[in-house]
Amino acid sequence: MLAQIQGVLAINPEERRNFLATGGLKSVQLLDMTDADVAAAVDNINSIYPAEVVEYLKPDFMKKLSERMS
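Here it is as structure tokens:
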């Protein structure tokens with residue numbers, strides 16, 4: 019499923035925007051990364067977006083930001 023999503027996002031800018039706007043990219047960040055296949059698929063999807071966007075959507079973003087501000 020993640021490979022199919024990655025395939026569509028890689029070639030369709032409108033779907034990339036929709037995936038981001040509807041919370042799809044944020045949801046992907048919440049997946050269990052202990053499975054190597056899932057982690058690789060998430061990395062592939064993340065590579066389609068700017069690193070800053072991906073970092074902002076990761077669950078630990080606020081903690082990292084708070085640490086930087088301290």
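Take 19 as the starting number for the sequence shown in my numbering and just add one per residue. Virtual Cβ for every residue (Gly too), placed ideally from N, Cα, C. None of the values given here were measured: they were computed from a predicted structure.
8 Å Cβ cutoff met for residue i and residue j
i	j	result
Leu27	Phe37	yes
Val60	Val71	no
Gln24	Asn62	yes
Rounded separation between residue i and residue j - CA only
i	j	result
Gly42	Asp53	19 Å
Ile66	Lys76	15 Å
Pro68	Arg34	11 Å
Spatial neighbours of residue i in its chain, beta-carbon cut-off 7 Å, leaving aside the 5 residues before and after
i	result
Arg86	none
Lys44	Leu75
Cβ-based burial, residue i [other Cβ within 10 Å; buried from 16]
i	result
Asn30	exposed
Same chain, Cβ closer than 6 Å to residue i, neighbours up to 5 away in sequence not counted
i	result
Met51	Ala57
Thr40	none
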